[in-house]
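Before any comments, here is the structure.
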Amino acid sequence: MKFAVDKHEKYVLVKLNESKINSLITPQLKSELILINAEGQRNIVLDLSQVKFADSSGLSSLLVGHRLCKNAEGSFIMVGLNDAVARLITISQLDTVLTIVPTVEEAIDLIFMEEIEKELKKEAK
Numbered sequence: 001m002k003f004a005v006d007k008h009e010k011y012v013l014v015k016l017n018e019s020k021i022n023s024l025i026t027p028q029l030k031s032e033l034i035l036i037n038a039e040g041q042r043n044i045v046l047d048l049s050q051v052k053f054a055d056s057s058g059l060s061s062l063l064v065g066h067r068l069c070k071n072a073e074g075s076f077i078m079v080g081l082n083d084a085v086a087r088l089i090t091i092s093q094l095d096t097v098l099t100i101v102p103t104v105e106e107a108i109d110l111i112f113m114e115e116i117e118k119e120l121k122k123e124a125k
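Below you can see the structure in the form of structure tokens.
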């Protein structure tokens, strides 16, 4: 699996440099997401701008990322979805579960806003 990991203070950006998320890629993607989460990162931005195709195993890896971040009280945000992948997510009714934004910059903004909200809630208690 070809990918790049860019670690920041509040989030990790994972850019998948593959054209497909299928049963050949999924095990490696899941293990990478689990590893990132195990390192204490709770916010993951997954850049899928190179991905042209996803199947059900690909969707399951996206759900793993979502669950890991949610359990860590973080965010799993996908960016750069092409029409075919976005359609598959919509047909699967996962568009109501997964967080999808158009660009990496918007994902980063969303993470920082959510982090500020969490801090404010802690202070209010």
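Quick note on full-length UniProt numbering: the sequence shown kicks off at 1 and runs consecutively.
Cβ atoms here follow ideal geometry from the backbone N, Cα and C, with glycine treated the same way.
Cα separation between S49 and E32?
Between S49 and E32, the C-alpha separation is close to 18 Å.
Suppose the cutoff is 6 Å on Cβ atoms and the five residues either side in sequence are ignored; what does the same chain contact list for D95 look like?
Correct list, in chain order: I89.
For a test of the three-state rule: what should DSSP assign to T90, helix, strand or coil?
Looking at T90 - three-state DSSP - the assignment turns out to be helix.
Whole angstroms are fine: how far does the CA of L110 sit from the CA of S75?
Distance between the alpha carbons of S75 and L110: 9 Å.
With DSSP run on the structure shown, which of helix, strand or coil describes M78?
The answer is strand: DSSP assigns M78 an E or B state.
Quick one: complete alpha helix (DSSP H) runs, 4+ long, within the region 22-76?
For the region 22-76, whole alpha helix (DSSP H) runs of length 4 or above, ordered along the chain, are 26-38, 56-71.
Excluding the 5 residues flanking A54 on each side, which residues of the same chain have their C-beta closer than 6 Å to its C-beta?
So the list reads I21, V85, L88, once near-sequence residues are dropped.
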